[in-house]
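J.: Handing you this structure, nothing more for now.
There are 2 protein chains.
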Amino acid sequence: MLADDELGSRREKYEEPLPESYAVAFEQINADPNHQLVVAETDGRVVGTLHLIFLPSISYQGGLRAQVESVRVDKGIRNLGIGSEMMRWAIECARERGAQLMQLTTHRSREDAHRFYERLGFQKSHLGMKLSLK
Amino acid sequence: MLADDELGSRREKYEEPLPESYAVAFEQINADPNHQLVVAETDGRVVGTLHLIFLPSISYQGGLRAQVESVRVDKGIRNLGIGSEMMRWAIECARERGAQLMQLTTHRSREDAHRFYERLGFQKSHLGMKLSLK
Chain A
1 MLADDELGSR REKYEEPLPE SYAVAFEQIN ADPNHQLVVA ETDGRVVGTL HLIFLPSISY
61 QGGLRAQVES VRVDKGIRNL GIGSEMMRWA IECARERGAQ LMQLTTHRSR EDAHRFYERL
121 GFQKSHLGMK LSLK
Chain S
1001 MLADDELGSR REKYEEPLPE SYAVAFEQIN ADPNHQLVVA ETDGRVVGTL HLIFLPSISY
1061 QGGLRAQVES VRVDKGIRNL GIGSEMMRWA IECARERGAQ LMQLTTHRSR EDAHRFYERL
1121 GFQKSHLGMK LSLK
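In order, the protein sequence lines correspond to chains A and S.
Each step along the first sequence adds one to the number in the numbering used here, with nothing skipped, and position 78 is 78.
Each step along the second sequence adds one to the number in the numbering used here, with nothing skipped, and position 67 is 1067.
Next up, the structure:
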């Protein structure tokens, strides 16, 4: 799913076997209690991904931040509420843990995503800036 | 410094003694090898802050991301290159650790900051969206 759009296809490598770098990252994420990598399943098939990260922060009076990354839903079954269900789970999870805010970045070209997050209450208050280090 | 601008003054609490929440957050950040909280000093006085975070990620082929938060320079001595020096240190540090990209968000209203990060090579490719959980 990460590779299954125009932006993702340029930066992911979906092949058998998957590059080992994915497995290494998975192990690191899995071992860290501040990270949760979740999938949505329908009939035993993985149809969505979401990476929830908790970030202790010195700003916001030392308030805990929650960040989501890698939110994807299978192209064939979008608009069925799977993305919203995953995000509502993440928001609930973040509230339970006492996070003060949830943050994410989304590419400027993903207009559907902007509307999706706005419907969930997110505000387009910031710019997301990236620097490639490769 | 976090409280010393229009946005910060609304969300920080700078008083003696500082709210305990700051100390609790500091301990958590300090104990996590994926977090580095650094300050810039001039003549023994703290004049800048930067919070560097390493995030293992399942996207970008499992590539490590570096994220910066809470970048601030003392109002009285801006434009002397202290911010650039801190950022260059962070970028170097992220490269050494093998991070594939560095990411940050900055409020839409901070136009000086946008130019500052663009000069360092950052691209305004994303929107940063926030949801208050309070």
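C-beta: ideal position from N, C-alpha, C; glycine also.
Note that this is a predicted model, so its numbers are computed, not measured.
1) What are the start and end residues of the alpha helix (DSSP H) that includes A:Arg45?
2) Within 10 Å of its beta-carbon, does A:Gly81 have 16 or more other beta-carbons around it, so buried, or fewer, so exposed?
3) Mind checking if A:Tyr22 is an interface residue toward chain S, Cβ cutoff 7 angstroms exclusive?
4) Measuring CB to CB, does S:Thr1105 end up less than 7 angstroms from S:Gly1128?
5) Considering just the uninterrupted stretch of the alpha helix (DSSP H) at A:Ser59, what are its terminal residues?
6) Name the two residues that bound the continuous alpha helix (DSSP H) containing A:Ala25.
7) For A:Phe116, which residues in chain S fall below 7 angstroms Cβ to Cβ?
8) Using a C-beta cutoff of 7 angstroms, does A:Phe122 count as contacting chain S?
9) Beta strand (DSSP E) containing A:Met1: first to last residue?
10) Which whole-angstrom value is the C-beta distance of A:His126 and S:Arg1108, which I expect to be below 8 angstroms?
11) Within its chain, find whatever has a CB closer than 6 angstroms to the CB of A:Val39; leave out the 5 residues flanking it on each side and keep chain order.
12) Please compile the residues from chain S whose C-beta is within a distance smaller than 7 angstroms of the C-beta of A:Ala25.
13) Report the CB separation of S:Ser1059 from A:Glu69 in whole angstroms; it is logged as a contact under 8 angstroms.
14) Does S:Ser980 come out as helix, strand or coil in the three-state DSSP assignment?
15) Examine chain S for any beta-carbon lying closer than 7 angstroms to the beta-carbon of A:Lys75, and answer yes or no.
16) Could you list which residues in chain S have their beta carbon closer than 7 angstroms to that of A:Leu80, in chain order?
17) Since A:Leu132 sits in a beta bridge, which residues does DSSP pair it with?
18) How big is the Cα-Cα spacing for A:Lys134 and A:Arg10?
19) Less than 7 angstroms between the C-beta atoms of S:Leu1064 and S:Gly1098, yes or no?
20) Pull out every residue of the segment 85 to 115 of chain A whose Cβ sits closer than 8 angstroms to any Cβ of chain S, in chain order.
21) How big is the Cα-Cα spacing for S:Leu1002 and S:Met1087?
22) Using a Cβ-Cβ cut-off of 7 angstroms, state whether A:Pro19 counts as contacting chain S.
23) Indicate whether at least one CB of chain S lies closer than 7 angstroms to the CB of A:Ser9.
24) Compare the C-alpha of A:Asp5 against each of A:Val73, A:Asp32 and A:Ala66 and name the closest.
25) According to DSSP, simplified to helix, strand and coil, what is A:Leu65?
T.: The short version:
1) Segment Arg45 to Leu55 is the beta strand (DSSP E) holding A:Arg45; no alpha helix (DSSP H) there.
2) Burial call: exposed.
3) In terms of beta-carbon proximity, A:Tyr22 lines the interface with chain S, with at least one pair separated by less than 7 angstroms.
4) In this structure, S:Thr1105 sits near S:Gly1128, with a CB-CB distance shorter than 7 angstroms.
5) Looking at the DSSP string, the run of the alpha helix (DSSP H) that includes A:Ser59 is Ser59 to Gly62.
6) First-last of the alpha helix (DSSP H) with A:Ala25: Glu20 to Ala31.
7) Going along chain S, no residue has its Cβ under 7 angstroms from A:Phe116, so there is no contact; the nearest lies around 10 angstroms.
8) True, the Cβ-Cβ gap to chain S drops below 7 angstroms.
9) Per DSSP, A:Met1 lies in no beta strand (DSSP E) segment and is marked neither H nor E.
10) With a contact defined as Cβ atoms closer than 8 angstroms, A:His126 and S:Arg1108 qualify at about 6 angstroms.
11) Here the set comprises Val46 and Thr49.
12) Residues of chain S with a Cβ closer than 7 angstroms to the Cβ of A:Ala25 are, in chain order, Pro1056, Ser1057, Ile1058 and Gly1062.
13) A Cβ-Cβ distance of about 7 angstroms is found for the pair S:Ser1059 and A:Glu69, placing them in contact under the 8 angstroms criterion.
14) With chain S represented from 1001 up to 1134, any question about residue 980 of chain S goes unanswered, as that position is not in the structure.
15) Taking 7 angstroms as the CB threshold, A:Lys75 stays off the interface with chain S.
16) Here the premise fails: no neighbours, minimum Cβ distance about 22 angstroms.
17) Checking the sequence, you will find Ser at residue 132 of chain A rather than Leu. For A:Ser132, which the question treats as bridged, DSSP gives the partners S:Leu1101.
18) So the two alpha carbons sit approximately 14 angstroms from each other.
19) Yes, Cβ-Cβ distance for S:Leu1064 and S:Gly1098 is below 7 angstroms.
20) Here the close residues are Ile91, Ala94, Arg95, Ala99, Gln100, Leu101, Met102, Gln103, Leu104, Thr105, Thr106, His107, Arg108 and His114.
21) The straight-line gap separating the alpha-carbon atoms of S:Leu1002 and S:Met1087 is approximately 17 angstroms.
22) Yes, A:Pro19 lies at the interface with chain S (some Cβ there is under 7 angstroms from its Cβ).
23) At least 7 angstroms separates the CB of A:Ser9 from every CB of chain S.
24) Among A:Val73, A:Asp32 and A:Ala66, the Cα nearest to that of A:Asp5 belongs to A:Val73.
25) A small fix is needed here, since residue 65 of chain A is Arg in this sequence, not Leu. For A:Arg65, the secondary structure class from DSSP, reduced to helix, strand or coil, is strand.
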